[in-house]
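Convert by adding 651 to the 1-based position in the sequence shown; the result is the number in this note's numbering.
Glycine included, each C-beta is placed from N, C-alpha and C at the ideal position.
Read the structure below first, then the notes.
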Amino acid sequence: MTELAPSLTRLLAAQERADELRARALGRGGRAFADLAYANSHDGPAPEALAALRGAVDASRALALQYTPYGGATIARRLVAEDLRRSHGASFDLKDVVLTPGAMAALNVVFRSVRRDDEASEVVVVTPCWLDVPLYLENLGLVARVVPLDRRTLRLDLGALEAALGPRTRAVVLSQPANPTGLLYGADELAALGALLARCEGRPLLVSDECHREVVFAPHAFASPAAFYDDTCVVYSFGKRLHLQGQRLGYVAVSPRHSHRRALARTLERLTRVMGFCTPTALMQHAVGDLLRVPTDLEAVGRRRGRVLGALFDAGYDVVPSQATFFVYPRAPGGDDFAFAARLADRGLLVLPSSVFHDEGRFRLSLTASDEMIDRALEVLRAARGGDA
Ligand SMILES: Cc1ncc(COP(=O)(O)O)c(C=O)c1O
């Protein structure tokens, strides 16, 4: 086989078109290129995070940088479990935690764990979703049942979710807070979802992707879906709040209330081996204790959020104010998200059209760009709304 299956190629098409926009925006923008596409922090990580990495190198003993066990080093898993006990008020222990190289690997092992080989297995995906979720499901032989959010409010459509759940539903996946919408699901929505799942034959696994859970703007507050339904797994990445996305440390943690807690955690641990994802680097595992103590600094992102939302409103964009994450998700004037993103790229501004998130008619801006890039982006966005871009 030299080519990917057509189903995977189809799913990659929007991402690859978006990659072409990068070349276009870079070429047109030159030194004025403004990259608001991905969550890469143009300011770099916090000094405390860099100090944690340096400290891990300096403290290394002879075997410190060698293989670590599947699932992760005991001490690193224990520290993460302690942190989860604090953040989620639930009795996580080290065996519930399977360390992975980022959330991408965590999503893959958790999806693989729900596939039954004797019949079609479905996973309900709330869209817009993180871009590669449907790609992973397709690759793993799972059927993605896509359930869009309410298009106007960007809230869960509980009626549509109920209609999508069935005897073959093995899992439901959503991100909380939601990427790309930047919204937090409320306790009322999560409780209603939990009640739906509890009534569902076979009790599907709820996959709660909490990569952005610390990036929440006051007065909003994070509530974990794990508090509303027992059979939940939490997926997490250390890349976001610490701005260390290339360092690939994350995990999947089985809720202590899961009805098959130990068996599922053991399966996830074994799957890291079966799938070749192994563990995150030894260095990141050594650093995790100090990384967990690095405070979350939302000053710059919060300031940019205020500026960007204000400028978008003033320019007449239709945007639901974000409550969390690095992202703002306005409607694309004209309704064609790729056509609008291409117009912006022609002016040196790179954004992600909503098609990459399996949605239509919007675009995502990331607040992790530098302040200079945000200045230029706002100029381009004002002009585009005025019709002269
Ligand atoms: C909601 C969500 N899930 C998963 C991922 C993948 O995370 P990682 O890069 O740590 O693998 C991301 C990254 O942007 C994300 O935003």
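Within the same chain, and ignoring the five residues on either side of Tyr721 in sequence, the residues whose Cβ sits closer than 6 Å to its Cβ are Glu920, Thr923 and Arg924. Residue state for Thr883 is assigned as strand, using DSSP reduced to three classes. By the CB criterion at 9 Å, Val761 and Ser772 fall outside the cutoff.
If you compare the alpha carbons of Ala838, Leu1032 and Val1007 with that of Leu663, the shortest gap goes to Val1007.
Non-local C-beta neighbours of Gly953 in its own chain, meaning closer than 8 Å and more than five positions away in sequence, comprise Phe868, ordered along the chain.
Rounded to whole angstroms, the separation of the alpha carbons of Glu733 and Leu788 is 31 Å.
Nearest Cα to Ile726 within the set Asp965, Gly957 and Gln936: Gln936. Residue pairing by DSSP places Ala822 opposite Val774 and Leu856 in a beta bridge. Rounded to whole angstroms, Leu942 and Leu893 show a C-alpha spacing of 8 Å.
Cβ neighbours of Tyr880 within its own chain (closer than 6 Å, five residues either side excluded): Gly845, Leu848 and Leu857. For Gly678, the CB stays at least 8 Å from every heavy atom of ligand 1.
Look at Val1002 here: in three-state DSSP terms it is coil, with no helix or strand label. DSSP links Asp686 through a beta bridge to Leu1001. Close CB contacts of Thr918 within its chain, under the 6 Å cut and outside five residues either way in sequence, are with Ser764 (chain order). Here Val886 is buried, its C-beta having at least 16 other C-beta atoms within 10 Å.
When only Cα atoms are considered, Thr778 and Leu800 end up about 6 Å apart. With a cutoff of 8 Å, His863 counts as near ligand 1, since its C-beta is closer than that to a heavy atom of the ligand. Our two residues, Leu825 and Thr832, have alpha carbons roughly 12 Å apart in a direct line.
Taking Ala938 as reference, the option from Leu895, Ser910 and Ala843 with the minimal CA-CA separation is Leu895. The beta carbon of Val945 sits closer than 7 Å to those of Ala697, Glu699, Ala700, Ala703 and Leu893, all from its chain and outside the five residues before and after it, given in chain order. When the alpha-carbon of Arg982 is set against those of Ser742, Gly890, Pro876 and Ala992, the nearest one is in Ala992. When the beta-carbon positions are compared, Ala933 and Leu672 stay at least 9 Å from each other. Checking the 8 Å criterion, the Cβ of Val776 is out of range of every heavy atom belonging to ligand 1. As the crow flies, the alpha-carbon of Arg913 is around 41 Å from that of Leu687. Exclusion of the five residues before and after Leu745 leaves Thr725, Arg728, Arg729 and Ala732 as the residues of its chain whose Cβ lies within less than 7 Å of its Cβ. In the DSSP assignment, no residue is bridged to Phe928. Proximity of the beta carbon of Gln896 to ligand 1 is indicated: a heavy atom of the ligand is located closer than 8 Å. Residue range Gly901 to Val905 is occupied by the beta strand (DSSP E) that includes Gly901, with no alpha helix (DSSP H) assigned at that position. Taking 8 Å as the cut-off, one finds no heavy atom of ligand 1 near enough to the beta carbon of Leu788. At least one heavy atom of ligand 1 lies less than 8 Å from the C-beta of Asp860. Within the DSSP bridge table, the entry for Arg1015 names Leu1003 as partners. A residue is called buried when at least 16 other Cβ atoms come within 10 angstroms of its Cβ; Arg737 does not meet this threshold and is exposed. Straight through space, the alpha carbons of Cys929 and Val749 are spaced by roughly 10 Å.
Here the alpha carbons of Cys862 and Ser711 stand approximately 28 Å from one another.
By the 16-neighbour rule on beta-carbons within 10 angstroms, Ala674 is exposed. Contact between Arg821 and Arg767 is confirmed by a C-beta separation of about 7 Å, below the 8 Å threshold.
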